[in-house]
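Written out below as structure tokens is the structure these notes cover.
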Amino acid sequence: MPHLQWTAFKREIEALQDIYRQDNRWVGWWRHASWNNECVMPAYIRAAYRLYDATARNELEFIVLGGTSIRMARDLIFAFGITGLNGIQDAPTVVAAREAQAAREAPRPTVDRNGMPVPPPANPDNRVVPVNGVGSILSEDRWTPILNDALIVGSATAQHDFVIALDHYEQGIWRECEASLKPDLARLHARYAGRFNGNPPESFLKNTEEYTLMVWQRFFSWNMQMFWDTKLNIPRVLTRELLGLSMFGYEVKLGDKQIGFSPNTNAPDPTFTAYVNGLRTLRFQDSAARSRIMQTISTYLLGNNHAIGFTADQHTVRTPPITGGQPMQLV
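In this note's numbering, the protein residues as written are 40 to 370.
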């Protein structure tokens with residue numbers, strides 16, 4: 040599907056705006072910026088288009104997904120930049136972006152601490168890539184579900200990759216998961232004995248499909264808050280984003296502390312209409328559909344609807360396990 044121009048974008052969103060309002064009623068409760076106000080909704084649609092239009096110009100050609108903490112992480116902002124087309128969403132992000140821009144503009148050393156030559160920057164013209172405006176981390180004023188969907192649909196239209204990067208807290212959970220799996224690692228050691236081909240056994244085993252799936256399944260089960268806000272009993276924005284990627288045929292790549300998503304050229308064109316209707320089919324707006332939503336996420340990420348879920352929902356999970364989703368690759 041070609042990148043939409045403003046008129047076509049506006050037409051598609053306006054045709055869906057009542058569904059957006061019905062399925063995201065909390066935006067209508069915003070005291071000073073309710074999109075039920077006919078004077079406010081056009082501003083939200085215009086803000087979403089600015090982000091959608093900029094996705095095609097993303098410098099790195101991939102988007103970093105994760106919780107709100109990634110918008111505050113100075114190292115991630117320096118490395119990947121932020122969108123910020125409508126203004127930056129959080130005050131700490133403003134400071135971090137300013138510092139990252141200064142660091143990018145600072146003179147580059149020609150040798151490292153060991154006296155070895157430093158490789159030239161990736162961009163051939165040696166220009167300083169702006170931190171704000173064409174980056175890969177979403178940080179937008181005038182945020183709404185429409186704007187968030189614009190990031191996913193626009194980037195999928197441009198055939199960009201996506202990645203979930205773990206923040207420092209989540210990396211700590213990952214380390215705890217690996218420590219808890221040492222008995223399983225010993226079991227795998229016995230299974231693969233004689234097949235290491237001179238490689239260090241632990242390094243070899245940690246690259247096997249079984250081990251990678253075990254760590255991710257345990258990580259998700261210990262960190263369900265990344266998918267679902269249990270205090271408010273509502274799905275996280277990340278869950279909405281992952282469902283969009285699954286609808287648009289993105290293939291999952293499980294790696295070490297990172298999950299990648301790559302486009303499938305044979306998948307249907309990404310559209311807002313397909314996205315919104317797909318979420319409505321799952322009853323994404325209904326907290327009572329938590330089990331159904333999490334089974335869909337589980338099947339997509341780990342190929343099994345039993346792999347990720349809440350204990351309280353186990354009685355609703357269909358048996359035998361449903362496998363499917365996009366083919367997973369382990370990297």
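We treat Cβ as the ideally placed atom computed from N, Cα and C, and that holds for glycine. In this text the structure is predicted, and so the values were computed from the model without any measurement.
How many Å lie between residue i and residue j at the Cα?
| i | j | result |
| --- | --- | --- |
| Asn-76 | Ser-108 | 31 angstroms |
| Asp-57 | Gly-105 | 28 angstroms |
| Thr-149 | Ala-118 | 19 angstroms |
| Tyr-91 | Gly-193 | 5 angstroms |
| Pro-307 | Met-286 | 9 angstroms |
| Pro-240 | Asp-295 | 17 angstroms |
| Met-80 | Arg-64 | 13 angstroms |
| Ala-351 | Leu-244 | 33 angstroms |
| Asn-153 | Ala-47 | 55 angstroms |
| Gly-346 | Ala-95 | As written in the sequence, residue 346 is Ala, which differs from the Gly given in the question. Whole-angstrom Cα-Cα distance: 35 angstroms. |
| Asp-223 | Ala-135 | 41 angstroms |
| Val-122 | Phe-300 | According to the sequence provided, residue 122 is Thr. The question's Val does not apply to it. Taking the straight line joining both Cα atoms gives about 19 angstroms. |
| Asn-343 | Pro-156 | 48 angstroms |
| Phe-235 | Ala-225 | 14 angstroms |
| Glu-100 | His-42 | 15 angstroms |
| Gln-264 | Ser-242 | 30 angstroms |
Given a cut-off of 9 angstroms on the beta-carbon distance, is the pair residue i and residue j in contact?
| i | j | result |
| --- | --- | --- |
| Pro-169 | Gly-120 | yes |
| Asp-188 | Arg-279 | yes |
| Ile-203 | Ile-298 | yes |
| Pro-184 | Tyr-339 | no |
| Gln-198 | Pro-302 | yes |
| Leu-186 | Ile-102 | no |
| Leu-282 | Thr-355 | no |
| Leu-227 | Arg-257 | no |
| Val-254 | Glu-217 | yes |
| Leu-284 | Ala-139 | no |
| Pro-276 | Leu-55 | Here residue 276 turns out to be Val, not Pro, going by the sequence shown. No. Outside cutoff. |
| Leu-341 | Phe-259 | yes |
| Phe-311 | Glu-144 | no |
If residue i and residue j are in contact, beta carbons under 8 angstroms, what's the gap, nearest whole angstrom?
| i | j | result |
| --- | --- | --- |
| Glu-209 | Asn-171 | Not really, about 25 angstroms apart at Cβ, beyond 8 angstroms. |
| Gln-128 | Arg-147 | Not confirmed; about 30 angstroms, so no contact. |
| Val-173 | Glu-98 | 5 angstroms |
| Arg-322 | Arg-331 | 7 angstroms |
So if DSSP puts residue i in a beta bridge, which residue, or which two residues, is it bridged to?
| i | result |
| --- | --- |
| Val-291 | Phe-300 |
| Pro-156 | Val-150 |
| Asn-171 | Ile-121 |
Can you find a heavy atom of the ligand PLP that lies under 8 angstroms from the Cβ of residue i?
| i | result |
| --- | --- |
| Ala-328 | As for the ligand PLP, it is missing from this structure, which has no ligand bound. |
query = If we count Cβ pairs, one from each stretch, closer than 8 angstroms, do we get three or more for the region 87-105 versus the region 210-221?
reply = Judged by Cβ distances under 8 angstroms, the region 87-105 makes no contact with the region 210-221, as fewer than three pairs qualify.
request  = Decide yes or no for the touch test of the region 239-259 against the region 61-77: beta carbon pairs closer than 8 angstroms, at least 3 of them.
outcome  = Counting Cβ pairs under 8 angstroms, fewer than three are found: no touch.
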